[in-house]
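Report on the structure given below.
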Amino acid sequence: GLFCRELPKVELHAHLNGSVSYQTIEKLIRRKPHLNIEHSMTAIGKGQRRTLEECFQVFKVIHQLVDTEEDILMVATDVIREFAEDGVKYLELRSTPREEKNTGLTKKRYVETIIKAIQQCKNEGVDIDVRFLVAIDRRNGPEAAMETVKLAEEFLLSSDGLVVGLDLSGDPKVGHGKDLLPALQRGRNSGLKLSLHLSEVPSQLEESDLLLNLPPDRIGHGTFLHPEMGGSQSLVDKVLKNNIPLELCLTSNVKGQTVPSYSKHHFKYWYQLGHPSVICTDDKGVFCTDLSHEYQLVASTFGLSREALWNLSQQAIDCIFAPETVKQQLKWRWTDLKHHIF
Ligand code: 5GP
Numbered sequence: 006g007l008f009c010r011e012l013p014k015v016e017l018h019a020h021l022n023g024s025v026s027y028q029t030i031e032k033l034i035r036r037k038p039h040l041n042i043e044h045s046m047t048a049i050g051k052g053q054r055r056t057l058e059e060c061f062q063v064f065k066v067i068h069q070l071v072d073t074e075e076d077i078l079m080v081a082t083d084v085i086r087e088f089a090e091d092g093v094k095y096l097e098l099r100s101t102p103r104e105e106k107n108t109g110l111t112k113k114r115y116v117e118t119i120i121k122a123i124q125q126c127k128n129e130g131v132d133i134d135v136r137f138l139v140a141i142d143r144r145n146g147p148e149a150a151m152e153t154v155k156l157a158e159e160f161l162l163s164s165d166g167l168v169v170g171l172d173l174s175g176d177p178k179v180g181h182g183k184d185l186l187p188a189l190q191r192g193r194n195s196g197l198k199l200s201l202h203l204s205e206v207p208s209q210l211e212e213s214d215l216l217l218n219l220p221p222d223r224i225g226h227g228t229f230l231h232p233e234m235g236g237s238q239s240l241v242d243k244v245l246k247n248n249i250p251l252e253l254c255l256t257s258n259v260k261g262q263t264v265p266s267y268s269k270h271h272f273k274y275w276y277q278l279g280h281p282s283v284i285c286t287d288d289k290g291v292f293c294t295d296l297s298h299e300y301q302l303v304a305s306t307f308g309l310s311r312e313a314l315w316n317l318s319q320q321a322i323d324c325i326f327a328p329e330t331v332k333q334q335l336k337w338r339w340t341d342l343k344h345h346i347f
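Structure below.
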């Protein structure tokens, strides 16, 4: 337990509003008592399971609590500090820009506020390098996706390297990836990196095949890509040929019931192939976890040694979207820290 906490870590798959801690939810509930929201509506506790549909309901509740600039600023700074306290040295946060007519929040202001939070944490000396992925919610369709890409392009030029890419997420059962291809292609051509949720549910083989041709720079989950889960060898071959890292979130997949148990998690399949697999939290608040706990789970479920855990966290550096100079700095940092924990 202590080893995983002290281990320097890289977090690459964290949705902002899914990462809001119990303490921060408490503060938001106090700001908005009239909503009558309780903790049981915003988090899935130990041993509990939900369907994926129920998980998406949870996000709707959290979005009600987080609907002003002040909320976003607080949520983002709290989440960044919490990751830093857990030993995360490099974090890529992702979030879907939202417009809220009631509070005057715009999508542009939404992104600006998250950038402000990142800069505030940096100025306070919080020991973590944070970057941002602008998220496309597939439920909102192709026009909204294109609008989001254009917004991300603006920030790619103006955010001093803080905005590095795009995420594609949202309910996998709604919409089809082919409609979003033009937006994703455009983003890619403007220099935005792509992290796409792929094959989170079994029915997405054709979509995954199409999106893998982009190809994306990283894959979120990819639960049903491999033949043992009903996927196919040709999908696996595309991932391997393009060497596309996978972002794997054990607790999220087990609590959301897309994976039946920890020991059956597809981490095993990809890790045995020696394919770049990055351990992530997904939604640390909703799923009541943190990145140390996820590393701990991988170790206890699959019998990884301390050395193997070290290599796993170090290899994640090669999968980040920030430039080569940042990778080099992180590698030096890891080398420095190694003596302290072994
Ligand atoms: P936000 O983008 O508002 O910061 O974070 C919550 C959003 O992230 C959700 O509304 C959903 O679009 C996305 N999200 C969070 N967790 C998951 C997940 O496990 N799967 C998918 N497909 N989307 C997710």
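Residue numbers for the sequence shown follow UniProt numbering, beginning at 6 and rising by one. Don't be surprised by glycine CBs; every beta carbon is placed ideally from N, CA and C. Predicted, not measured: the structure shown is a model, and the values here were computed from it.
{"Query": "Closest Cα partner of Lys106 within the set Pro328, Thr118, Ser297 and Asp72", "Result": "Asp72"}
{"Query": "Check: Ala140 C-beta below 6 Å from any heavy atom of the ligand 5GP", "Result": "yes"}
{"Query": "Backbone CA spacing between residue 3 and Pro102 [nearest angstrom]", "Result": "Not covered by the structure: residue 3. The range shown for the chain is 6 to 347."}
{"Query": "The ligand 5GP heavy atom lying under 6 Å from the CB of Gln20", "Result": "Note that residue 20 is His in the sequence shown, not Gln. At least one heavy atom of the ligand 5GP is nearer than 6 Å to the Cβ of His20, so yes."}
{"Query": "Extent of the continuous beta strand (DSSP E) run through Tyr95", "Result": "Val93 to Ser100"}
{"Query": "Three-way DSSP call (helix, strand, coil) for Ser310 in this model", "Result": "coil"}
{"Query": "Cα-Cα separation, Ser305 to Tyr267", "Result": "10 Å"}
{"Query": "Euclidean distance between Cα positions of Gly130 and Ala89", "Result": "11 Å"}
{"Query": "CA nearest to the CA of Asp287, picked from Asn41, Lys183, Leu201 and Leu7", "Result": "Leu201"}
{"Query": "Residue 1 (DSSP reduced to helix, strand or coil)", "Result": "Nothing can be reported for residue 1: it is not among the residues displayed for the chain, which extend from 6 to 347."}
{"Query": "Given Asp83 as reference, the closest of Ser257, Gly23 and Trp339 once Cα atoms are compared", "Result": "Gly23"}
{"Query": "CB contact flag (Lys94, Pro13, <7 Å)", "Result": "yes"}
{"Query": "Limits of the unbroken alpha helix (DSSP H) element including Leu70", "Result": "Leu57 to Leu70"}
{"Query": "Inter-residue CB distance, Glu299 and Ile284 (contact presumed, cutoff 8 Å)", "Result": "5 Å"}
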